[in-house]
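Every letter in the sequence shown is one number past the one before it in full-length UniProt numbering, and letter 69, counting from 1, is 69.
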Amino acid sequence: MALNVELQQRQTEQEKLLAQRDDVSSQLQEVNRANSRLLEQLTELGQEKDKLQQELEETRKTADKRKAMLGELAIDVAQEKSRHKEELSGARLQHEKEVLGGRAR
């Protein structure tokens, strides 16, 4: 009779251990699925980061080109303004000469 009781206890203990093993196995599967989802998200975020870094670099290059173009344009405008001032001064001087020449006659 004692052997039957011990056998029953061991079977009960074995059933509990098997149930625990099943629970742990289920938890492990869920953790593995969660890890897979996190890895996917991490990969997507890495790709998005790379894309944004590339866009930022392209934007910086474009900004640098525009800055250089604006600098060149500012130089051109300053040169053109200076040339116009010289032409205007020359025209005024010519006009004064003509006026003075007309009075002298």
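All residues carry an ideal CB built from backbone N, CA and C; glycine is no exception. A quick note: this is a predicted structure, and the numbers were derived from the prediction, not measured.
_Close Cβ partners of Asp50 (< 6 Å) along its chain, the five nearest in sequence each way excluded_ = On the sequence shown, position 50 is the one that residue 50 refers to. Cβ neighbours of Asp50 beyond the five flanking positions: none.
_What would DSSP say about Met1, mapped onto helix, strand or coil?_
Within the sequence shown, residue 1 is the residue found at index 1, counting from 1. Met1 falls in the coil class under three-state DSSP.
*Note down the Cα distance separating Gly85 from Arg66, rounded to an integer number of angstroms.*
If you number the sequence shown from 1, residue 85 lands on position 85. If you number the sequence shown from 1, residue 66 lands on position 66. Gly is not the amino acid found at residue 85; the sequence shown has Lys there. Their backbone Cα atoms lie some 28 Å apart in a straight line.
*Considering only residues of the same chain and omitting the five flanking positions on each side of Thr59, which have a CB-CB separation below 6 Å?*
Mapped onto the sequence shown, residue 59 falls at position 59. Taken in chain order, the list of residues that qualify is empty.
*Nearest-angstrom Cα separation, counted from Ala91 out to Leu76*: To locate residue 76, count along the sequence shown from 1; it is residue 76. To locate residue 91, count along the sequence shown from 1; it is residue 91. Here the sequence assigns Asp to residue 76, which means Leu is not the residue at that position. If I take the Cα positions, the gap works out to 22 Å.
_Straight-line gap, Ala78 to Met69 (C-alpha atoms, nearest Å)_ = Taking the sequence shown and counting its residues from 1, one reaches residue 78 at position 78. Taking the sequence shown and counting its residues from 1, one reaches residue 69 at position 69. Going by the C-alpha atoms only, they are around 14 Å apart.
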